[in-house]
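Residue 123 is where the sequence shown starts when you use the working numbering, and the numbers rise one by one after that.
We put the beta carbon where it would ideally sit given N, CA and C, even for glycine.
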Amino acid sequence: MPASRKPRRSAKAIGTPDIAPDLLAWYDRHRRRLPWRALPAETADPYRVWLSEIMLQQTTVATVGPYFKEFLDRWPNVFALARAPLDDVLHAWQGLGYYARARNLHRCAQVVAQDLGGVFPDTEAALRALPGIGAYTAAAIAAIAFDRKANVVDGNVERVMARLFAVAEPLPGVKDRLRELAAGLVPARRCGDYAQALMDLGATVCTPRKPKCVICPLMAQCQARALGIAEELPAREAKANKPTRHAIAFVALRPDGAMLLRRREEKGMLGGMMEVPTTAWRAARWTLDEAQAQAPVKAAPRSRWRQLPGIVRHGFTHFDFEIVVAVARVSASAAGSATGRWVSLDALSDQALPTVMKKIIAHALKQSAAPRAA
Ligand code: SF4
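The structure is reproduced here in structure tokens:
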């Protein structure tokens, strides 16, 4: 809904409904079968719940499915994951993005395996003390793995609350209120099922567009449906435009075709991942001369670098990224003085390269192979 457009009417305040009985009865019939989920009458495995919740942060269920299965095949328990080299974990994480999650996942596995005897804590407070587990994830694990009474509020649940109570104020400012409303509905029993039922309802029935109110178990209690404003909620504040950052990437190639990569610093964006050397990522565009003055790849003299046509574009959550690519052929003797790791093209797929770097490399290989204009 455009930010300027407000729902036609506001709901009157009402008492807190008791949605758990209808919601749980619906969940018993319609729950989604997900690879990390315990079947009815099974006990949830905290390792699987934790692994799935970390993967699901900022990533869709459909994307996570194959990754979850691969991780479980390779590292079936927290001890196996703790023993794995970080590079292997980062490599297996490729494509899920937000690589800080993978580093924290590995650190968390080591803490649980080495300091806690392989046993995940069962309270929100203790879970939050572990690497990579914030308020939402702690609540989700406590509820789903240990059936603790916890208020698990993700985007799906916010949407259901906004509609159930016909909250007209826009997100994100209204988040705290939606969280409070959700807290008032959590039942004392079957807390894990309740949390997953709300998520399922948001994902399959109370969808962002065209909510299926006629088959919704909460239809009788839903104020937005009664007011005819379900699809207009939740309202959202207008988004500020994302800024753009710029860089030049330097793709150095040895005579045998190997490419120079380096590892990013552990802290910060894409920390610990491999990359093609680049300039700083900044708001102003770079010229090649200016970028070369920084000598990002000392093995090639300035005259060797050739700027390729075209721009590589990549969208991060908080900014758009535009990268100009320069390529240089480096002699075998000069290559020895370069800082970084020379990787043969065949072995690139074994490197923990984030998506943006794969795009840069693909652009460089395609453009540098293309015939040059006369
Ligand atoms: Fe969502 Fe419609 Fe159900 Fe209300 S009745 S919770 S709007 S699907």
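| task | Spatial neighbours of K420 within its chain, please: CB distance less than 8 Å, with the 5 preceding and 5 following residues excluded, ordered by chain position. | result | Closer than 8 Å at the Cβ level, and outside the excluded window around K420, lie S459, A460, T461.
| field | Q473 (DSSP reduced to helix, strand or coil) | value | Q473 falls in the coil class under three-state DSSP.
| message | List, from N- to C-terminal side, the beta strand (DSSP E) runs of 3 residues or more that fit wholly inside the region 314 to 365. | response | Those beta strand (DSSP E) runs which fall completely within the region 314 to 365 and span 3+ residues do not exist here.
| request: Assuming A204 contacts A231 (C-beta within less than 8 Å), just tell me the rounded distance between them. | output: A204 to A231, Cβ: 4 Å. Contact.
| field | Length at least 3, wholly inside the region 354 to 438: the beta strand (DSSP E) runs in chain order | value | Counting whole runs of 3 or more residues, the region 354 to 438 contains the beta strand (DSSP E) stretches 366 to 375, 381 to 385, 434 to 437.
| field | Helix, strand or coil at W158 [DSSP, three-state] | value | Note: W158 maps to coil in three-state DSSP.
| said: Taking the alpha-carbon of S466 as reference, which of A405, R376, A456, L392 has the nearest alpha-carbon? | reply: The shortest Cα separation from S466 among A405, R376, A456, L392 belongs to R376.
| said: Quick check: what's the CA-CA separation for L487 versus K480? | reply: Their Cα atoms are separated by approximately 11 Å.
| Could you give the residue range of the beta strand (DSSP E) that holds I176? | Not the beta strand (DSSP E): I176 falls in the alpha helix (DSSP H), residues 168 to 178.
| said: Could you check whether the Cβ of R347 sits closer than 7 Å to any heavy atom belonging to the ligand SF4? | reply: In this structure, R347 has its beta carbon less than 7 Å from a heavy atom of the ligand SF4.
| said: Pairs of beta-carbons, one from the region 439 to 453 and one from the region 400 to 420, closer than 8 Å: are there three or more? | reply: Remark: three or more beta-carbon pairs, one from each stretch, lie closer than 8 Å, so the region 439 to 453 and the region 400 to 420 are flagged as touching.
| said: Restricting to Cα atoms, I'd like to know which of G390, E354, G306 is closest to I141. | reply: The candidate whose alpha carbon is nearest that of I141 is G306.
| query | Does DSSP put M123 in a helix, a strand or coil? | reply | In this prediction, M123 has a pLDDT of 41, which is less than 50 and means its spatial position is unreliable; what the coordinates show is noted afterwards. Of the three classes helix, strand and coil, the one that applies to M123 here is coil, per DSSP.
| query | Helix, strand or coil: which one does DSSP assign to D442? | reply | Strand at D442.
| query | When DSSP labels each residue in this structure, what does V465 get in the three-state scheme? | reply | DSSP, read as helix, strand or coil, puts V465 in strand.
| Contact set for G277: own chain, Cβ-Cβ below 8 Å, skip 5 residues either direction | Cβ neighbours of G277 within its own chain (closer than 8 Å, five residues either side excluded): G324.
| Simplified DSSP state of R301, which is helix, strand or coil | The DSSP-derived three-state label of R301 is helix.
| Going by beta carbon distance, what residues of the same chain come within less than 6 Å of L178, once the five residues before and after it are set aside? | The beta carbon of L178 sits closer than 6 Å to those of V186, all from its chain and outside the five residues before and after it, given in chain order.
| said: Out of Q489, A448, R159, which one is the CA nearest neighbour of I263? | reply: The shortest CA-to-CA distance from I263 to any of Q489, A448, R159 is the one to R159.
| Buried versus exposed, by CB contacts within 10 Å (16 or more), D411 | Counting Cβ neighbours within 10 Å, D411 comes out exposed, since fewer than 16 surround it.
| task | Helix, strand or coil for R151, going by three-state DSSP, please let me know. | result | Of the three classes helix, strand and coil, the one that applies to R151 here is helix, per DSSP.
| task | Give a yes or no on whether 8 Å exceeds the smallest Cβ distance from R407 to chain D. | result | This model lacks chain D altogether, as it is built from one protein chain only.
| Who are A448's beta bridge partners in DSSP? | Residue pairing by DSSP places A448 opposite F372, Q429 in a beta bridge.
| message | Cutting at 6 Å between CB atoms, please list the residues of its own chain near Y220, excluding the five before and the five after it. | response | Contacts found: Q180.
| request: Indicate, with yes or no, if the ligand SF4 has a heavy atom lying under 7 Å from the CB of K361. | output: K361: no, Cβ never under 7 Å from the ligand SF4.
| message | For a test of your reading of the model: does the CB of P333 fall under 7 Å from any non-hydrogen atom of the ligand SF4? Yes or no. | response | Yes, Cβ of P333 sits closer than 7 Å to a heavy atom of the ligand SF4.
| Cβ shell of M341 (< 7 Å), same chain only, five flanking positions each side left out | Taken in chain order, the residues that qualify are C335, R347.
| message | Here's the rule I'm using: 16 or more other beta-carbon atoms within 10 Å means buried, otherwise exposed. How should P476 be labelled? | response | Counting Cβ neighbours within 10 Å, P476 comes out buried, since at least 16 surround it.
| M381: which of E387, A369, E397, G390 sits nearest, CA to CA? | Of the candidates E387, A369, E397, G390, the one whose C-alpha sits nearest the C-alpha of M381 is E397.
| query | Which one of R358, D315, A448, E246 has the shortest CA to CA distance from P143? | reply | Taking only the C-alpha atoms, the option nearest P143 is D315.
| So I266 and A163 are in contact, right, with Cβ under 8 Å, and what is the actual spacing, rounded? | Their Cβ separation, rounded to whole angstroms, is 15 Å, which puts I266 and A163 out of contact at 8 Å.
| Beta-carbon proximity list for D322, same chain, < 8 Å, skipping 5 on both sides | Residues Y149, H152, R153, R154 of the same chain have their beta carbon placed closer than 8 Å to that of D322, with the five preceding and five following residues left out of the count.
| message | Helix, strand or coil, according to DSSP, for L238 in the structure here? | response | L238 falls in the coil class under three-state DSSP.
| task | Verify the contact flag: V183, CB atom, against every heavy atom of the ligand SF4, threshold strictly below 7 Å. | result | V183: no, Cβ never under 7 Å from the ligand SF4.
| said: Does T259 pass the burial test, meaning 16 or more other C-beta atoms within 10 Å, or should it be called exposed? | reply: Counting Cβ neighbours within 10 Å, T259 comes out buried, since at least 16 surround it.
| query | Of all the options Q489, G393, R426, which has the alpha carbon lying nearest to the alpha carbon of A474? | reply | When Q489, G393, R426 are compared, the shortest CA-CA separation from A474 is found for G393.
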